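Accompanying notes for the structure given below.
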Amino acid sequence: MDEKKFVGFKEEELGVREYVKGALGKGRISEVLIEYTPVGEKIVVSTNRPGLVIGKSGERIDELTQILKKKFKMDNPHIEIKDIQNEMLDPQIVADNIALNLERKGSLKFKLIAYKSLQDIIKAGAMGAEIVLSGRLPSERAKTWRFSHGYLKKTGDPAKVVKRAMTQATTRQGVVGVKVSILPPDAEIHDQIKIDENFLSRIKPIAEESSVKIEKKKAKKKTEAKK
Numbered sequence: 065m066d067e068k069k070f071v072g073f074k075e076e077e078l079g080v081r082e083y084v085k086g087a088l089g090k091g092r093i094s095e096v097l098i099e100y101t102p103v104g105e106k107i108v109v110s111t112n113r114p115g116l117v118i119g120k121s122g123e124r125i126d127e128l129t130q131i132l133k134k135k136f137k138m139d140n141p142h143i144e145i146k147d148i149q150n151e152m153l154d155p156q157i158v159a160d161n162i163a164l165n166l167e168r169k170g171s172l173k174f175k176l177i178a179y180k181s182l183q184d185i186i187k188a189g190a191m192g193a194e195i196v197l198s199g200r201l202p203s204e205r206a207k208t209w210r211f212s213h214g215y216l217k218k219t220g221d222p223a224k225v226v227k228r229a230m231t232q233a234t235t236r237q238g239v240v241g242v243k244v245s246i247l248p249p250d251a252e253i254h255d256q257i258k259i260d261e262n263f264l265s266r267i268k269p270i271a272e273e274s275s276v277k278i279e280k281k282k283a284k285k286k287t288e289a290k291k
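Letter 216 of the sequence shown, counting from 1, is numbered 280 in my numbering, and no numbers are missing.
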């Protein structure tokens with residue numbers, strides 16, 4: 065009985081998350097977290113478009129609050145907006161935007177869309193990124209295309225700092241799965257090699273002096289060979 069209640073509880077949570085994302089618009093919401101407090105439910109919405117999500121004088125938030133009370137039987141829902149500073153480092157926002165572009169521009173331009181998104185992620189400062197598209201792209205048979213750049217761990221403890229997200233795009237050819245993995249610039253990697261700039265500045269004159277000596281020796285050998 066307890067297990068059924070727990071499963072039903074999680075289904076309701078999932079329904080709330082999906083409804084909030086759908087109501088506020090695909091490509092604008094990264095994640096929806098639900099926290100339960102003594103005074104009611106706290107719903108934290110992470111978005112890259114806080115102005116559009118809130119609406120004029122908070123109209124959209126008030127409307128969504130009333131729907132959550134009536135449709136999902138919430139006692140006192142409180143919606144809090146969390147602004148995403150850099151949307152190109154958020155895998156869910158990137159995945160949703162790729163899906164929207166595939167739906168609008170068509171699946172024939174999937175390579176251009178994927179490479180452009182990958183380039184924007186790296187420009188934003190990510191250490192590495194990967195985009196995986198699965199579906200009828202562009203042939204009639206389903207196929208998986210992988211686009212990657214930079215450093216991205218797949219296994220072990222360093223793989224835990226990689227941010228991942230997935231979504232789907234509905235195109236004329238069929239449904240296309242979109243997976244995005246991003247290694248943020250502030251991630252701590254144990255096996256990462258860091259070069260001391262001060263050390264480089266110290267050994268640079270020595271390296272230049274050695275190269276000059278080598279060139280002089282080569283010139284001297286050539287002169288002796290001619291004699």
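Every residue gets a Cβ at the ideal spot worked out from N, C-alpha and C, and that includes glycine. All of these numbers come straight from a predicted model, not from anything done at the bench.
Out of curiosity, what's the CA-to-CA distance linking residue i and residue j?
i	j	result
Lys85	Ile93	6 Å
Arg228	Ala283	57 Å
Leu128	Phe73	20 Å
Met65	Val71	Summary for Met65: the model assigns pLDDT 45, below 50, so the residue's position carries little reliability, and this model does not support an answer.
Leu197	Val242	5 Å
Gln237	Ile195	20 Å
Glu95	Ala178	22 Å
Tyr83	Ala163	18 Å
Gln232	Thr208	14 Å
Val226	Glu279	47 Å
Asp250	Ala159	21 Å
Thr101	Ile143	13 Å
Ser110	Ile118	12 Å
Lys286	Ile185	52 Å
Ala193	Ile148	18 Å
Does the distance between the C-beta of residue i and the nearest non-hydrogen atom of the ligand SAM fall short of 7 Å?
i	result
Lys218	Inclusion of the ligand SAM in the displayed structure is not the case, the ligand content being empty and no account of it being possible.
When DSSP labels each residue in this structure, what does residue i get in the three-state scheme?
i	result
Ser181	helix
Arg200	coil
Tyr215	coil
Thr287	helix
Gly192	strand
Thr235	coil
Met65	For Met65, the predicted model reports a pLDDT of 45, less than 50, meaning its position is unreliable; a value from the coordinates is still stated below. Coil.
Glu252	coil
Met138	coil
Ala206	coil
Arg113	coil
Asp147	strand
Gly170	coil
Val80	helix
Gly104	strand
Lys90	coil
Val71	helix
Gly119	coil
Val96	strand
Val240	strand
Apply the 10 Å Cβ neighbour rule to residue i and answer buried if 16 or more other Cβ atoms are within range, or exposed otherwise.
i	result
Val240	buried
Val103	exposed
Thr234	exposed
Glu88	For the sequence presented, residue 88 should be read as Leu rather than Glu. Buried.
Ser171	buried
Leu176	exposed
Leu182	buried
Let me check understanding here. Comparing Cα to Cα, which of the options lies closest to residue i?
i	options	result
Ile98	Gly119, Phe211 and Ile145	Ile145
Lys173	Ile148, Ala188, Met191 and Arg200	Arg200
Lys187	Ser171, His213 and Thr287	His213
Phe211	Lys180, Arg205, Pro202 and Met230	Lys180
Gln130	Met191, Ala193, Val80 and Glu252	Val80
Glu167	Gly91, Val108, Glu204 and Gly189	Gly91
Lys169	Pro202, Ile107, Ile125 and Asp126	Pro202
Is there a Cβ from chain B that is less than 8 Å from the Cβ of residue i?
i	result
Arg124	Of the protein chains in the structure, only one exists, and it is not chain B.
Given 8 Å, three or more beta-carbon pairs between the region 133-141 and the region 199-218: No: fewer than three Cβ pairs fall under 8 Å.
- prompt: Are the region 233-251 and the region 144-157 touching, with three or more C-beta to C-beta distances below 8 Å?
  reply: The region 233-251 makes contact with the region 144-157; the number of CB pairs closer than 8 Å reaches 3 or more.
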